[in-house]
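A.B. asks: Order-wise, the sequence lines are chains A and B.
If you read the first sequence in my numbering, its first letter stands for residue 1, the second for the next number, and so on.
If you read the second sequence in my numbering, its first letter stands for residue 802, the second for the next number, and so on.
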Amino acid sequence: MEVEDEDDKPVKKKPQAKAKAKPVLSPKKPPAKAKVKPARTKAPKDEEDIDEKPEPKPNWAAAKAAKLAGPSAPGSKAVPEPASPDCLAGLAFVFTGELSSFSRDEAVDLAKRFGGRVTGQPSSKTDYVVLGDNAGPSKLAALKKHGLKTLNEDEFLNLIATRKGPKGGAVDEKAKKKQEKEMKAIRDSAKEMEQREKEAQTAGPSKTPGYGFRTRTVDPSSKLWTDRYAPQTLKEICGNKGNVEKLRDWLNDWCVLPNDLKSGFKKPGPQGMNVFRGVMITGPPGIGKTTSAHLCAKLAGFTPIELNASDARSKKLVENSTNIANTSLDGWMGGGSSTNAAGITITDKSCLIMDEVDGMSAGDRGGVGALAALIKKTKVPIICIANDRSAPKMKPLIACTFDLKFRKPEAAAIRSRIMTIAFKEKMKIPANVIDELVTGVGSDIRQVLNMLSTWKLSSSTMDFDEGKMLSKMNEKYAVMTPFNIIQKILGPYLFSATARETLNEKMELYFHDYSFVPLFMQENYLRTIPARVRDDDGPLKILRQLQLMDKAATSISDGDLVDALIHGPEQHWTLMPTHAVLSTIRPASFLYGNGAGYGGPNAMSFPQWLGQNSKQTKLNRQLGDVQIRMRLKVSGDKSEIRQSYIPALFPHIVQPLMDDGSSAVDEVIERMDEYYLSREDWDTIVELGVGDNKEDLVLKKIPAATKSALTRKYNTSEHPIPFHKAQDLGKAPKKLAGGPAPDLEEAFEVEDDAVDDVDDSKKASDQDDIKNDKLILEGGSKKKAASKPTAKGKGTGKAKK
Amino acid sequence: MLWVDHYRPRSLDDLHYHEGLSDRLRSLAASGDFPHMLFYGPSGAGKKTRIACTLKQLFGPGVEKLKIDQRVFLTPSRRKLDVNIVQSNFHIELTPSEVGNYDRVVIQEILKEIAQTQQVDLNAKQRFKVVVINEADSLSRDAQAALRRTMEKYMSNMRIILCANSTSRLIAPIKSRCLLMRVAAPNPAEMKAVLSYVASRAGAGSIPDEAADEIISDANGNMRKAILVFEALKMQTPDLSGPLSIAKPDWETYCHKVADMIVKEQTPQQVMEVRSKFYELLSHCIPPTIILKTVADRVVERADESLKADIMHWAAIYENRMRLGNKKIYHLEAWVVKVMSLYKHFLFDIDMTGFED
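Given below as structure tokens:
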């Protein structure tokens, strides 16, 4: 919803295309719009009640009255009847600041609905900047630089009401020509498509090489649109042109001297690709990875052999099925050409396409490894296709394949292709609707086609609102990263007066990742420039900001209390929504504003809590080790050791090394032995220091030679040992039955006691077995080991005193 | 060895203060009807020393032969827990809070084991063994509930001595089953007596009055701290004359630095600075309550009279929240922001009245 920043960049590219497509395709538009409009303008008023921010003392009536009173009330202005349905066509808008009547989303929608383009940042190509309150400073600067025209809210609405679209002759000659040209291109390619289909039908099976007699021709109208309109030439592939060309060149070079196969993969070639025998294509679904691979292979004269997730691809099968030379008579007997063991037709030029390699999972044990091995020695090109390159199981493949990253094509790149298809199917869909569909599903071409083919069943036209609804219905549920979530929550828009999100929608953000979002909130809530104090100045501003911080911090602290109930012994998971509000929504409602991610000075950072907490656990464990060693002489508990003894011991066992260097080593070791401290405990004591005794400050003052002298001396001499670690003795751990039991009765699980009993008795007999005791050595063991029992004897002797 | 450990009293007769308590313990040990006991009091008051002395009175010098035994337990989630047990032939001492949430099962396991074995040493003075449970106030509620039945059931074989800083976190049924022994912090005169005893034993001659007073006011009733400081001072200036500067422990200086930061500047950036300092203290095993207390004391010292009550009020509230909550830093920070807000308001009030005049 931060339309401003990212979502709409794609639209920027081809400013005129939309306008041109319009006149032909959307004659039916006005009636549909008139119907929808009133409902839309009304909606905000109703939502308002739900959308109140949590205030300490909510005065609902007053707040509502205040909102409705001024001209800045949301929903106060009606959208005028447009002069023509595409009245904004050909114009580029930038929105900045908060409008008084429309939320950002609604305003952007309006502009798009009437054919305008909306971009994130003002540039010289921008026609109008719509200014609201508190416009972003960077945009204002850009506005001045380019000398752009600005509109306020009323002027913007006025523009909708008065401007005649391209139909009314407002568009200049040049644009018109371009528009016509594009229309012609669409018609031509549609015609070409039709031609091809007919040909394929009449030509029959012989035209499709590589699939042999098995392939039967199907009536194109019964095919899925995604198959029917799969690109047949490189030109038709949407987006990723560079990558597709690279792939084609690589395949073309495969057999041609002096490259690839014949040169033994020694010459890298212009792209550096020719040393690889395999290529890995990665990218999100539905953007034409498989299609491009097939197409390139065919165009380069290869016969693609595809293996995908529906084929078993275990190590053995990969080795067998790809053994191209191992032909069987099976296919030949059937009257076709020869096939190999897996029943795949072989020609002299085959190309293996391993689709969905990241789907090689449990059933395909060793498959990835075998594939990697295969790629290293293959004589046919291998193309691997996956969605996620960074998955750990892709590791073996990364080293031996060239990486081609396919990106989501921008809406503009897909638009004309989809329009061609729609034209051929005799559907009337304006360009801005198609853009909406494409951005709605995240540039997934396949899904757009599927949606259209479904839509075709009921209607052959689609207007803006229908398109929006359709793409909303097919919306992919994408999990946002905590960084994006926190930027959105703390950003200036989610809580602004014109925002339309309900409390539930805000809480939804928390539930994207309920364990991380609160941590991020606590880490970053102070990094904003709160919008609530924007209008204050001087001391009052500081005071109010501190007050807001105080409220936010209190709320976070409340949230932690709720968290303790959720994760405590009673596990009140029903409190999650409360936690969402207290830990995330409420603090943000006080301190939202420009800041991280919105041109503020502070970047969002990863919560320190995680690192600090694990450090604390680690040091606490080490402190426990020190305490138990000192226990025979000292009665204090862990915190006493840390607070009193470590500062007291410091001048005896660390300071001398800092002051006197190596000559103090003996004295220090003597001191350590009095308290049974080991060399590791010395490290712990140094590590536990803060302030002037901080570890690195201390270690800087101790020369390396002194430290190693200490280690050497300590290791060569004998020391009293208070006890042996249980693990060193090889004690079998005793199993605990329960664990920390939840208080709730129903939370108990019935455990299988019988199994445990058997285990225990076995353990017990193990324990008695003398061989398991590491301290009792069998005769003839090495001398080194033999020193251990003596140390023990001495240690216990001393300990018992 | 440090003086504090070297000159620790070994028997009830050697104890320097709380004579009444010592008498009571002596007669209890002699009576043959020894009850469960709960020793509580501030740290450095001498709880553990008294427990050790009582045990010696009960069983003779045999209890001083200690050994440490490390047990390993395997939780249902296959995590290994190390539990350290200090024991002699007559008693056993454990700190169940070491194992966090698993304290209940560990306590049950170990107590049952002890309760089920009779005293084998025929020469033993008592038929029962004693179990000393350290840090009893950090036992989980579950574990305390588990203790409660055990204490009655196995009375014939076992006595329990709990050791805690305060009884507020112990559930009432436990308190009612124990004989409560309050070990109060020694008063200055008693501390002075101990200090001069230590001085004479250590061959350091006598201790000048000013030095003793200085040490005692710094220690604030913590005998252990007083003796440690005394020894440190003695190392610095052997004759203990002239102006003494008592070196504060590293963490205390650090806490004071934090307090100074709070007073110096009240901005979001400063809060984040303070946060990182808190993290430093917490990760180096300084308990959060100690941090809050030390910092609050220092802030109060430097703040205006009219703010002191408020600052302490909020410190108390957030200390309570800290005990209830999971992530201590949240509450520490909430307190800091609260104090900064109070402080800033106070500052500007002063400014404005100044202008009006």
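For every residue, glycine included, the Cβ atom is placed at its ideal position computed from N, Cα and C.
Can you check whether the C-beta of A:PHE93 is within less than 9 Å of a C-beta belonging to chain B?
C.D. replies: Chain B, which has no Cβ nearer than 9 Å to the Cβ of A:PHE93, makes this no.
A.B. asks: Got a sec, what are the start and stop residues for the alpha helix (DSSP H) B:MET1062 sits in?
C.D. replies: Here the alpha helix (DSSP H) through B:MET1062 covers 1051-1065.
A.B. asks: Which first and last residues belong to the beta strand (DSSP E) in which A:HIS294 is found?
C.D. replies: Taken as a continuous stretch (DSSP letters only), A:HIS294 belongs to no beta strand (DSSP E), being part of the alpha helix (DSSP H) at 289-299.
A.B. asks: What are the complete alpha helix (DSSP H) segments, minimum 4 residues, inside the segment 832-912 of chain B?
C.D. replies: Whole alpha helix (DSSP H) segments, 4+ residues: 848-860.
A.B. asks: Is it buried or exposed, A:ARG810, if we count other Cβ atoms within 10 angstroms and call 16 or more buried?
C.D. replies: The displayed coordinates of chain A run from 1 to 801. Any statement about residue 810 of chain A would go beyond what the structure contains.
A.B. asks: Is DSSP giving B:THR1038 helix, strand or coil here?
C.D. replies: Coil.
A.B. asks: Whole angstroms is fine: what's the gap from A:LEU307's alpha carbon to A:LEU352's?
C.D. replies: Near 8 Å, if we compare the C-alpha coordinates of A:LEU352 and A:LEU307.
A.B. asks: Note down, one range per segment and in chain order, each beta strand (DSSP E) of at least 3 residues found wholly within the segment 377-451 of chain A.
C.D. replies: 382-386 and 401-405, all fully within the segment 377-451 of chain A.
A.B. asks: Mind checking who A:THR461 pairs with in its DSSP beta bridge?
C.D. replies: Per DSSP, A:LYS428.
A.B. asks: Using DSSP with H/G/I as helix, E/B as strand and the rest coil, what is A:MET658?
C.D. replies: If DSSP states are grouped into helix, strand and coil, A:MET658 belongs with the helices.
A.B. asks: Per DSSP, A:LEU492 forms a beta bridge with which residues?
C.D. replies: At residue 492 of chain A the sequence reads Pro, which differs from the Leu that was named. Partner(s): none; A:PRO492 has no beta bridge.
A.B. asks: Going by the DSSP bridge assignment, what does B:ALA986 pair with across the sheet?
C.D. replies: Note: B:ALA986 sits in no beta bridge, so no partner.
A.B. asks: Under 9 Å, CB to CB, which of the residues in the segment 1016-1036 of chain B have a partner in chain A?
C.D. replies: Hits within the stretch, in order: ASN1023, ARG1025, LYS1026, LEU1029, VAL1030, GLU1032, ALA1033 and MET1036.
A.B. asks: Provide the residue(s) that pair with A:THR303 in DSSP beta bridges, ordered along the chain.
C.D. replies: Paired residue(s): A:SER350.
A.B. asks: Could you check whether the Cβ of A:ARG527 sits closer than 9 Å to any Cβ belonging to chain B?
C.D. replies: By this cut-off, A:ARG527 is an interface position.
A.B. asks: Ordered along the chain, which non-local residues of its own chain (more than five positions away) have a Cβ less than 7 Å from that of A:ILE445?
C.D. replies: Correct list, in chain order: CYS238, GLY286, ILE287, GLY288 and ILE414.
A.B. asks: Pull the bridge partners of B:LYS930 from the DSSP assignment, please.
C.D. replies: Looking at the DSSP assignment, B:LYS930 forms a beta bridge with B:MET959.
A.B. asks: If you follow the beta strand (DSSP E) that A:GLY278 is in, where does it begin and where does it stop?
C.D. replies: Residues 278-282.
A.B. asks: How many angstroms separate the CA atom of B:SER856 from the CA atom of A:PRO733?
C.D. replies: The sequence given here places Leu at residue 856 of chain B; Ser does not occur at that position. Rounded to the nearest angstrom, the two C-alpha atoms are 31 Å apart.
A.B. asks: With 9 Å set as the bound, which would you pick, yes or no: does the beta-carbon of A:VAL118 sit closer than that to a beta-carbon of chain B?
C.D. replies: Chain B contact via Cβ: absent.
A.B. asks: Give a yes or no on whether 9 Å exceeds the smallest Cβ distance from A:ILE680 to chain B.
C.D. replies: Looking at the sequence itself, residue 680 of chain A is Glu, so the reference to Ile does not match. False, the Cβ-Cβ gap to chain B never drops below 9 Å.
A.B. asks: When the Cα atoms are used, what is the spatial distance from B:PHE1149 to A:PRO539?
C.D. replies: Going from the Cα of B:PHE1149 to the Cα of A:PRO539 covers about 7 Å.
A.B. asks: Helix, strand or coil for B:ASP815, going by three-state DSSP, please let me know.
C.D. replies: Helix, per DSSP.
A.B. asks: Would you mind sorting A:SER806 into buried or exposed? The rule is 16 or more other CB atoms within 10 Å of its CB.
C.D. replies: Residue coverage of chain A in this structure runs from 1 to 801, which leaves residue 806 of chain A outside it and unanswerable.
A.B. asks: Should the segment 1000-1013 of chain B be called in touch with the segment 1033-1049 of chain B, which here means at least 3 C-beta pairs below 8 Å?
C.D. replies: A contact exists between the segment 1000-1013 of chain B and the segment 1033-1049 of chain B.
A.B. asks: Would DSSP call A:ASN594 helix, strand or coil?
C.D. replies: The answer is strand: DSSP assigns A:ASN594 an E or B state.
A.B. asks: Can you list the residues of chain B that A:MET521 reaches, using a CB-CB cut of under 9 Å?
C.D. replies: In chain order: nothing, as chain B lies at least about 10 Å away.
A.B. asks: Is it right to say A:PHE93 is buried, meaning 16 or more other beta carbons lie within 10 angstroms of its own, or is it exposed?
C.D. replies: With 16 or more other Cβ atoms within 10 Å, it is buried.
A.B. asks: Tell me whether A:PHE93 sits in a helix, a strand or coil according to DSSP, three-state version.
C.D. replies: Of the three classes helix, strand and coil, the one that applies to A:PHE93 here is strand, per DSSP.
A.B. asks: Taking the straight line between their C-alpha atoms, what separation do you get for A:LYS377 and A:ILE383?
C.D. replies: So the alpha carbons of these two residues sit roughly 14 Å apart.
A.B. asks: Would DSSP call A:ILE542 helix, strand or coil?
C.D. replies: Note: A:ILE542 maps to helix in three-state DSSP.
A.B. asks: For the segment 547-558 of chain A, which residues have a beta carbon sitting closer than 7 Å to at least one beta carbon of chain B?
C.D. replies: So the list reads GLN547, MET549, ASP550, ALA553, THR554, ILE556 and SER557, given in the order they occur along the chain.
A.B. asks: Buried or exposed, going by whether 16 or more other CB atoms sit within 10 Å of the CB of A:LYS235?
C.D. replies: It counts as exposed.
A.B. asks: Is B:LYS1094 close to chain A, meaning its C-beta is less than 9 Å from at least one C-beta of that chain?
C.D. replies: Not an interface residue.
A.B. asks: Determine, using beta carbons only, whether A:PRO54 comes closer than 9 Å to chain B.
C.D. replies: With a pLDDT of only 45 at A:PRO54, under the threshold of 50, the placement of this residue in the model should not be trusted; the figure read from the coordinates follows. No - not a single Cβ of chain B is within 9 Å of the one on A:PRO54.
A.B. asks: Would you please verify whether the beta carbon of A:SER579 is less than 9 Å from any beta carbon of chain B?
C.D. replies: The sequence as given places His at residue 579 of chain A; Ser does not occur at that position. No, no contact with chain B.
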